[in-house]
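Working notes, structure below.
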Amino acid sequence: MLDNILASKLYRPGSVAYVSRSGGMSNELNNIIALNTDGVFEVKMIVMLGEVGGVEEYKLIKAMGDGRVNKPVVAWCIGTCAKMFTSEVQFGHAGACANADTETAEVKNKALTDAGAYVPRSFDELGHLIKEVYEKLVNDGTIVPRPEEAPPTVPMDYAWARANRVAASVTGIGHSLRQSVNIRPYGDTRQPVFARWHWSMPDHLASVIRSLSGDNTGHDMTGTSPGTLITDLRLCIDRHLTSRSGHDMTGRS
Numbered sequence: 004m005l006d007n008i009l010a011s012k013l014y015r016p017g018s019v020a021y022v023s024r025s026g027g028m029s030n031e032l033n034n035i036i037a038l039n040t041d042g043v044f045e046v047k048m049i050v051m052l053g054e055v056g057g058v059e060e061y062k063l064i065k066a067m068g069d070g071r072v073n074k075p076v077v078a079w080c081i082g083t084c085a086k087m088f089t090s091e092v093q094f095g096h097a098g099a100c101a102n103a104d105t106e107t108a109e110v111k112n113k114a115l116t117d118a119g120a121y122v123p124r125s126f127d128e129l130g131h132l133i134k135e136v137y138e139k140l141v142n143d144g145t146i147v148p149r150p151e152e153a154p155p156t157v158p159m160d161y162a163w164a165r166a167n168r169v170a171a172s173v174t175g176i177g178h179s180l181r182q183s184v185n186i187r188p189y190g191d192t193r194q195p196v197f198a199r200w201h202w203s204m205p206d207h208l209a210s211v212i213r214s215l216s217g218d219n220t221g222h223d224m225t226g227t228s229p230g231t232l233i234t235d236l237r238l239c240i241d242r243h244l245t246s247r248s249g250h251d252m253t254g255r256s
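Take the sequence shown: its position 84, counting from 1, is numbered 87 in the numbering used here, and each next residue is one higher.
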């Protein structure tokens with residue numbers, strides 16, 4: 004749903020970037036960062052999500068030690084539960100498997116802490132720690148929050164609207180209109196048996212209403228423009244209101 008994209012604030016810039024080894028966790032990281040910071044643009048802090056297996060996280064640790072990365076880093080390596088299993092465990096893909104002690108999530112998290120990264124005690128605390136570091140940068144003036152921008156208007160999803168009874172189906176609209184209007188061609192003087200209103204209208208206009216209600220036996224509308232249909236419908240309504248009120252309603256909206 005498009006509203007999930009709006010809720011994650013992916014439509015506007017911010018100050019926090021993140022890098023992840025887990026594609027499956029990217030949506031969750033987007034959501035956590037959106038809830039606790041102002042997003043991604045000119046980076047003032049970094050969020051890193053590592054995992055058990057491999058040594059990629061040590062490249063960041065080395066860069067922090069060399070001074071190449073000097074912005075605040077909030078980091079967590081997932082897979083700390085691996086120690087609870089009696090045998091080797093692979094998480095999701097080939098790389099998420101520890102082949103040495105240095106590749107375990109616990110050792111990586113300890114190394115990140117020693118390098119100066121902000122490391123939570125568990126993944127559950129990651130969002131809180133991100134918010135804490137972000138607010139610290141706001142308070143010392145490193146980050147100046149921008150005013151919240153109005154999100155762009157997103158059309159409602161028609162299938163969702165129908166399923167949640169927010170919008171009627173096209174057939175339902177046509178059926179309601181047909182029930183309210185007794186359709187007959189020009190010159191037909193027969194009285195309606197069941198009708199709330201009785202309008203006389205051009206054949207092509209009557210055909211539109213029939214087709215909306217699922218009746219495809221109407222007349223050929225080839226060459227009839229939408230503008231003609233709208234104009235003729237307004238004229239029919241004007242005639243009907245004039246005949247009921249005795250006042251000329253032509254031209255009124």
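Quick reminder that beta carbons are idealized off the backbone N, C-alpha and C, glycines included.
Determine, using beta carbons only, whether residue i and residue j come nearer to each other than 8 Å.
i      : j      : result
Gly144 : Asn39  : no
Ser18  : Glu60  : no
Val110 : Thr116 : no
Phe126 : Ile64  : no
Arg165 : Asp41  : no
Starting from the C-beta of residue i, find all residues in its chain whose C-beta is less than 6 Å away, skip the five residues before and the five after it, and write them out in chain order.
i      : result
Lys134 : Asn39
Measuring alpha carbon to alpha carbon, tell me which of the options ends up nearest residue i.
i      : options                        : result
Ala85  : Ala66, Ala166, Glu54, Ala162   : Glu54
Arg124 : Met87, Trp79, Ser18            : Trp79
Met51  : Thr105, Val77, Arg71           : Val77
Ala66  : Thr107, Ala114, Ala108, Thr105 : Ala114
Between residue i and residue j, what straight-line distance do the alpha-carbon atoms span, to the nearest angstrom?
i      : j      : result
Arg168 : Gly68  : 58 Å
Gly57  : Lys74  : 24 Å
Gly119 : Met48  : 13 Å
Glu128 : Thr83  : 14 Å
Val136 : Ile146 : 11 Å
Ser29  : Ile36  : 11 Å
Glu138 : Val72  : 20 Å
Asp104 : Glu31  : 28 Å
Lys62  : Ala153 : 39 Å
Thr220 : Trp163 : Low confidence applies here, because Thr220 scores a pLDDT of 47, under 50, leaving its location unreliable and the question unanswered by this model.
Tyr161 : Thr107 : 48 Å
Glu151 : Asn142 : 18 Å
Asn34  : Leu140 : 20 Å
Met87  : Leu132 : 25 Å
Can you list, in chain order, the residues of its chain whose CB lies under 8 Å from that of residue i, leaving out five sequence neighbours each side?
i      : result
Asn112 : Ala78, Trp79, Cys80, Thr83, Val122
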